[in-house]
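The structure under discussion appears below in the form of structure tokens.
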Amino acid sequence: MNSIHDVGGLHGMGRIVIEADEPPFHEPWEGRMHGIAVSCQISGVNFTAEQRSTIEQMGYIAYLSTSYYEKWLYAYETLLADKGIISKADIDRRVAEQAQALMPAHPQEPPRLSEYGQKLKAVLYQGTPHDRPLARQPKFKVGDLVHTLNRNALRHSRLPRFARDKDGVIEAYHGAHCHPEPHAAGIGDVPEHLYCVRFDGETLWGPDAEAGASCVYVDLFEDYLAARAT
Amino acid sequence: MAERPHDHDHDHDDHPWTPPSDIEARVRALESLLVEKGLTTHDAIDTLISAFENDLGPMHGARVVAKAWSDPAYRQRLEADGTNAIAELGYRGLQTEHVKALFNSATDHHMWVCTLCSCYPWTLLGIPPVWFKSAPYRSRVVSHPREVLADFGVTLDPTVKVHVWDTSAEQRYIVIPERPDGTQGFTEEQLAALVTRDSMIGTGFVKRPGATDE
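Residue numbers (UniProt numbering), protein chains in the order written: chain A, 1 to 230; chain B, 1 to 214.
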């Protein structure tokens, strides 16, 4: 989807603001929002790609004027409502009914963790690998010349605009990973071969490329790529 | 693939979504509703926050760098298979399932970004800084990496080639900076103390030995 999340190569986004000694979470609710997102994924509510895809649909103004965790709240309010699990009215009602309470600032892991807590902790520390077996052989090998497709579908995609319709070279093969598009559509695991593709700075930016040698590598699925002869 | 049906009431540009003024109350309400539906528990969320605030952070990545500097056999394993070499030190987990190490040298400088969202190896480097998640860095670093480096106070020799890695899938990256001079005989702990978060993203240098400030 050609939305504002796909910022690579855009101009005029402002200066980089670096915060010294930045904490992981700036407010207690940010950490809880992170926990809510990870919980929903562990509990099978959604794939990570659905969270990303929902954020991509929030609109330019909202996207650029909200923080990282504000976007996550938008994503979970929206996708939980879309899935018929929790409506925005349910949340409104709970906000009105719940007792005033301060959110604890730095919660600790309790000495005796619930079964669900143990499960979340195990996933946090073990991860959920994204590679899957795929019988079909990879079409490309390291060093192959490829051209990226010119794709503009109105759906989740992990082919950034700056890397579309461009000549590149296969730098590495990562194995077959779950394709993010079926994940974003809530369909499930569909493995596809994943490559790292190298692009020269001049190929991407033409005569306006920054002075000095540079190249950009993008991890791309096989169905985003075509072979080229020269 | 079929388009997702567009029958839900997303907010669009005519009514841009704005964060609620009572955002803390709203997140608390959402959490309690999820708990009632059996989709999370309060102690699970407490545990995640505590892990990110107390355990998971750039000191893990720094240990990987320090070991790569001091153990040539480990460096080889890290080059060949980043994921498993990093797991040898006990580091794996969410958003750290697939990791490739990028080795800086006198002729090549590596840095990474997620232009499409904010992908980051959480259990190796912790929660990403706000600048990493924001549009100014994500938009500019692919087209103007040297300008971006200058914003971080990093100037490279013009002959150095800059390699920018965009984490557009679930493959994650860590930069292994060059070992600084004057560190002969340093233990892995002493070396790890020199490694900054930004030096592992590629936007900063390691600390000089003996330097007291950041």
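Just so it is clear, CB atoms sit at the ideal spot from N, CA and C, and this is done for glycine as well.
Run through chain B and tell me which residues come within less than 8 Å of residue i, C-beta to C-beta.
i        : result
A/Phe25  : Ile49, Phe52, Glu53 and Ile127
A/His174 : His98, Ala169 and Gln171
A/Lys141 : What A/Lys141 touches in chain B: nothing, since even the nearest Cβ is about 17 Å away.
A/Ile86  : Leu30, Leu33, Leu34 and Lys37
If I follow the unbroken beta strand (DSSP E) through residue i, where does it start and stop?
i        : result
B/His109 : Asp108 to Val113
A/Leu145 : Leu145 to Thr148
B/Asp157 : B/Asp157 -> no beta strand (DSSP E), and no H or E assigned at all.
Bridge partners for residue i per DSSP, in chain order?
i        : result
B/Phe103 : B/Ile176
A/Phe25  : For A/Phe25, which the question treats as bridged, DSSP gives no partner whatsoever.
A/Phe221 : A/Leu194
A/Cys215 : A/Asp200 and B/His163
A/Gly131 : The question names Gly, yet the displayed sequence has Asp at residue 131 of chain A. Partner(s): A/His177.
Since residue i is in the alpha helix (DSSP H), which residue starts that stretch and which ends it?
i        : result
A/Pro191 : Not the alpha helix (DSSP H): A/Pro191 falls in the beta strand (DSSP E), residues Pro191 to Asp200.
A/Gly175 : That residue, A/Gly175, is in no alpha helix (DSSP H); its beta strand (DSSP E) goes Asp167 to Cys178.
B/His42  : His42 to Asn54
A/Ile187 : Per DSSP, A/Ile187 belongs to no alpha helix (DSSP H) and is neither H nor E.
B/Pro58  : Pro58 to Ser70
B/Ser199 : Arg197 to Ile201
B/Gly82  : Gly82 to Glu88
A/Asp82  : Tyr68 to Asp82
B/Leu124 : Trp122 to Leu125
A/Lys121 : Glu115 to Gln126
B/Ala192 : Glu188 to Ala192
B/Ser118 : Here B/Ser118 belongs to no alpha helix (DSSP H), and DSSP marks it neither H nor E.
B/Lys207 : Note, B/Lys207: premise wrong, no alpha helix (DSSP H); not H, not E.
B/Pro136 : Ala135 to Arg140
Which chain B residues are close to residue i, counting only those with a beta carbon under 7 Å from its beta carbon?
i        : result
A/Thr203 : Neighbours of A/Thr203 on chain B: none; closest Cβ ~12 Å, over 7 Å.
A/Pro107 : Asp46, Ile49 and Ser50
A/Leu225 : Those within 7 Å of A/Leu225 in chain B number zero; the least Cβ separation is about 13 Å.
A/Met33  : Val27
A/Ala75  : Within 7 Å Cβ-Cβ: nothing; A/Ala75 doesn't reach chain B, min ~10 Å.
In three-state terms, what does DSSP make of residue i?
i        : result
B/Trp17  : coil
A/Ala227 : strand
A/Phe47  : coil
B/Leu30  : helix
A/Arg93  : helix
B/Asp7   : With a pLDDT of only 46 at B/Asp7, under the threshold of 50, the placement of this residue in the model should not be trusted; the figure read from the coordinates follows. Three-state result, B/Asp7: coil.
A/Leu154 : coil
A/Ser53  : helix
A/Leu64  : helix
B/Arg75  : helix
B/Ala25  : helix
A/Gly20  : Reading the sequence as shown, one finds Ala at residue 20 of chain A and not Gly. Note: A/Ala20 maps to coil in three-state DSSP.
B/Tyr91  : coil
A/Leu102 : coil
A/Gly206 : helix
A/Met33  : helix
A/Ala163 : helix
B/Glu214 : Confidence at B/Glu214 is low in this model, with a pLDDT of 45, below 50, so its placement is unreliable and the value that follows should be read with caution. Coil, per DSSP.
A/Gln137 : coil
B/Leu149 : helix
A/Gln41  : helix
B/Glu97  : coil
B/Met1   : Unreliable placement is indicated for B/Met1, whose pLDDT of 41 sits below 50; the coordinate value is still reported in the next sentence. Coil, per DSSP.
B/His12  : Reliability fails at B/His12, whose pLDDT of 48 lies under 50, so the model's placement of it is uncertain and no value is given.
B/Glu36  : helix
B/Pro128 : coil
A/Pro182 : helix
List, in order along the chain, the chain A residues whose C-beta lies closer than 7 Å to that of residue i?
i        : result
B/Leu116 : His5, Asp6, Arg158 and Pro160
B/Gly97  : For the record, residue 97 of chain B in the displayed sequence is Glu; it is not Gly. Correct list: Gly127, Thr128, Pro129 and His130.
B/Ala29  : Ile91, Arg94, Val95 and Gln98
B/Val142 : Gly8, Gly9, Phe162 and Val216
B/Gly93  : Leu124, Tyr125, Gln126 and Gly127
B/Pro16  : Gly59, Ile61 and Ala62
Identify the contact partners of residue i in chain A, using a Cβ-Cβ distance below 8 Å as the criterion.
i        : result
B/Ser139 : Val7, Gly8, Gly9, Leu10, His11 and Met13
B/Lys133 : Tyr68
B/Glu147 : Glu210
Which bits of chain B does residue i rub up against, with CB to CB less than 9 Å?
i        : result
A/Pro110 : Asp43, Asp46 and Thr47
A/Asp219 : Trp165, Asp166, Thr167, Ser168, Ala169, Glu170 and Gln171
A/Lys121 : Ala44, Thr47, Leu48 and Ala51
A/His147 : By Cβ distance, chain B contributes nothing, its closest Cβ being about 17 Å from A/His147, past 9 Å.
Which residues of chain C have a Cβ atom closer than 9 Å to the Cβ of residue i, listed in chain order?
i       : result
B/Ala62 : No chain C is part of this structure, whose protein chains are labelled A and B.
Determine the chain A residues that contact residue i at a beta-carbon separation under 9 Å, and present them in chain order.
i       : result
B/Asp22 : Val95
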